Every structure is written in C-alpha cells, then in structure tokens.
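Undergrad: The sequence shown: position 146 = 756 (the numbering used here), numbered continuously. All residues carry an ideal CB built from backbone N, CA and C; glycine is no exception. These numbers were taken from a predicted model, which means no experiment stands behind them.
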Amino acid sequence: MDDASNTNGSTGAAHSPDQNIAMNAEWLATVSHELRSPLMAIKGYADLLLHYEDRLAEGERREFLQEIGKGSNHIASVLDRFLTLARFETGDVHVHLAPVDLLQLLQQVLLDFSESIGGEAGTVQRSIHILTEFDTPTVKDPQGSIIIMADRGLLQVVLIQLLDNAHKYSPASTPIDIGLGLDTAAQWRALVPEQVAAQIEPSQQMMVEIRIQDYGIGIPAHYHEAIFQRFYRVDMNLTRAVAGLGLGLTICQYIVTLHRGIIWVESLPDVGSTIHVLLPAQ
Ligand code: ADP
C-alpha cells in the first residue's frame, strides 16, 4: 500500500469508482475501529460488573466504572468531531469576534493541556515552552501581550488540536515549542513560503504568527497539502499506532480561514513538524 491514504472519496484528485470504493472501505474501517474499541471495552467492563459484582472489591468496581466512563467519553468525542465537521461544511458556524489576549490564551491552553496529559501513566512530563518574538510594539498592550480580534472558543480549538498532534506524533522525551511572532504583512510576505505569501490579503497590515513545533516523526513533503483534507492520515508506523480520524487539521483550517488567516506545515521526516498559523492582528 502507498504510504498515505486519502480515505475520503470526495476530496482531492478525481478517483475511479474502484478507488472510491476502496477509499470509502478504508475510511469506514478507521471509523469503525475508533468506535468499536471503546465500545468493546465498555461492554467488557459492564459484563464483569454484571456477573461478578459481589466478588469485586470496591476499588475494582470503581476502576471498571471509570473505564466505562473513559470509553463513553471517547465515543462522544468521535461523534462530536463528525458533528463539528458537518457544521463547518454546511456553513453553520457563527464566529464571534472579540478582543483576545493571545499570550494569555496560549498560557491558559498550555496549562489545561499539560494537566490533561500529565495524568497519562508511564509518560515523561512534556516540556512545552512559549517563545515570543515581538519586534513591533503597536498592538501590544502594556503587559507585552498581543490583542487580536478573534473567536476565543474557536481559536482555543485550533491551539489544543495542534498541541495534541505535536504530542501524539513525537516522543514524550522531546520538547514542544510554541512560537509567537508579530510583524507587518509586508514582512511576513518576505519571510513565508511563496505560496503562503500569495494568500496574504493586500488589505492586511499587522499579522501575528503562532508556531507549534515538535521534534517527532515528521511528514514527507508530498503530503503537506493532503493532511488538511478530511479523513486524510499519513500511513506511517507511528500514525497507525495512534488513534485519529484525520479531521483535526481540516477543522483547524476551517477555523483559521474564517479568521482570514492561513495555516500551513513545514516538516521533515524524522526531524519534526512545525504548524504555522498566520492571523490578522487588527
Ligand atoms: P489525526 O491526527 O486525527 O489523524 P489530523 O487531521 O489532526 O488527524 O492530522 C492528519 C494527519 O497529519 C495525521 O494522521 C498525521 O499523519 C499527520 N500529522 C498531523 N500533525 C502531525 C505532526 N505534528 N507530526 C507528524 N504528522 C502529523
């Protein structure tokens, strides 16, 4: 098999009917696996509780109930992703723009994220740093943060997703770096890859860039665009071992575009990946 799989028949290049059937079958297999594994765990623990309840210690009963809760949460989150995607695809998402303190939001997201991964058994505590590079003071507030007009909730979804990917696709012993840079659109045009520069709207003035960098498995260059298509997963060993539906980056792209921003990836296999998000700062 090719080392990448677009499991959605309706995006990307045109495919023959046979290819579409194969891709849909592969996609169904991914989705079924994502739902079936937690469902089987729930059923297994529920059966144990049903048949051996009086022989189980209090601690064991608690543990089984917690596993049932975990499985249910996983199924709910898979279904949530589908509903979220459907809402974006039907244009049923309302963006509420308001001033957002980007540095404060990043710190909050980082705190929540570190707590959520901190409890994983046997994992090394991740080192995640925020590095700021502000050259231009115009839109900084006196505390040195950046205030942008954005939908806080939606931006939070993007940041959590990108951190989650960096965490999933790199060893826990390596750091994750978050970069924050502020500059004029003209400067960004000179700094970013040509195809990204071409997408910066002429009316833009100040723009802020958020970079989430990991030192993990990386992504071969010929998949850098495809990973933003829905249900697309690069079929490498580690990707297969990690749960995922191939929807996270698609949802991020929808959100960034709704903010008139641009998202792209810079990555080398076995070196690591950086996801860049460039947003208007006014
Ligand atoms: P998911 O992670 O659920 O599969 P995403 O849409 O978030 O879906 O990502 C799509 C694919 O892009 C992933 O399956 C993976 O192959 C690749 N990918 C995303 N982020 C990274 C990363 N930081 N490092 C390596 N590969 C990545």
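Report the option in Val719, Gly679, Glu670, Met759 whose CA atom is closest to the CA atom of Pro890.
TA: Along the sequence shown, one-based indexing puts residue 890 at 280. Looking at the Cα atoms, Met759 is the closest of the given residues.
Undergrad: Taking the beta carbon of Gln676 as the centre, do at least 16 other beta carbons fall within 10 Å, making it buried, or is it exposed?
TA: Sequence index remark: in the sequence shown, residue 676 carries index 66 (1-based). The residue in question, Gln676, is exposed, as its Cβ has fewer than 16 Cβ neighbours within 10 Å.
Undergrad: In this structure, how does DSSP classify Thr700 when only helix, strand and coil are distinguished?
TA: Locating residue 700 in the sequence shown gives position 90, where the first residue counts as 1. Three-state DSSP puts Thr700 in coil, outside helix and strand.
Undergrad: The ligand ADP heavy atoms versus the CB of Ser883: any closer than 7 Å?
TA: For the purposes of this step, residue 883 is identified with residue 273 of the sequence shown, where counting begins at 1. The answer is yes for Ser883.
Undergrad: Thinking Ile873 and Ile885 are a contact (beta carbons under 8 Å), I'd like their distance in whole angstroms, please.
TA: Looking up residue 873 in the sequence shown gives position 263. Looking up residue 885 in the sequence shown gives position 275. The pair is a contact, with the Cβ atoms about 7 Å apart (cut-off 8 Å).
Undergrad: What residue range is occupied by the uninterrupted alpha helix (DSSP H) comprising Gly728?
TA: Locating residue 728 in the sequence shown gives position 118, where the first residue counts as 1. From DSSP, the alpha helix (DSSP H) with Gly728 extends over 712-728.
Undergrad: How should Ile740 be labelled, buried or exposed, when 16 other C-beta atoms within 10 angstroms of its C-beta is the threshold for buried?
TA: One-based indexing of the sequence shown puts residue 740 at position 130. Its Cβ having fewer than 16 others within 10 Å, Ile740 is exposed.
Undergrad: Answer with yes or no whether the minimum CB distance from Leu649 to chain B is below 8 Å.
TA: In the displayed structure, chain B is absent; only one protein chain is listed.
Undergrad: Compute the Euclidean distance between the alpha carbons of Ser883 and Gln805, then round it to the nearest angstrom.
TA: Working through the sequence shown from its first residue, we reach residue 883 at position 273. Working through the sequence shown from its first residue, we reach residue 805 at position 195. In a straight line, the C-alpha of Ser883 is about 18 Å away from that of Gln805.
Undergrad: Rounded to the nearest angstrom, what separates Gly854 and Glu835 at their Cα positions?
TA: For the purposes of this step, residue 854 is identified with residue 244 of the sequence shown, where counting begins at 1. For the purposes of this step, residue 835 is identified with residue 225 of the sequence shown, where counting begins at 1. Distance between the alpha carbons of Gly854 and Glu835: 18 Å.
Undergrad: Hey, would you say the C-beta of Ala807 is under 7 Å away from at least one heavy atom of the ligand ADP?
TA: In the sequence shown, the residue the question calls residue 807 occupies position 197. No - the ligand ADP has no heavy atom lying nearer than 7 Å to the Cβ of Ala807.
Undergrad: What's the gap between the Cα of Gly789 and the Cα of Asp664?
TA: Mapped onto the sequence shown, residue 789 falls at position 179. Mapped onto the sequence shown, residue 664 falls at position 54. If you take the alpha carbons of Gly789 and Asp664, they lie about 54 Å apart.
Undergrad: Out of curiosity, what's the CA-to-CA distance linking Leu888 and Thr700?
TA: To locate residue 888, count along the sequence shown from 1; it is residue 278. To locate residue 700, count along the sequence shown from 1; it is residue 90. Spanning the two alpha carbons is a distance of roughly 25 Å.
Undergrad: Is it true that the CB of Arg671 sits closer than 8 Å to the CB of Leu659?
TA: Numbered from 1 along the sequence shown, position 49 holds the residue referred to as residue 659. Numbered from 1 along the sequence shown, position 61 holds the residue referred to as residue 671. Yes, they are a contact pair.
Undergrad: So, with DSSP's three-state summary, where would you put Glu811?
TA: Working through the sequence shown from its first residue, we reach residue 811 at position 201. Glu811 falls in the coil class under three-state DSSP.
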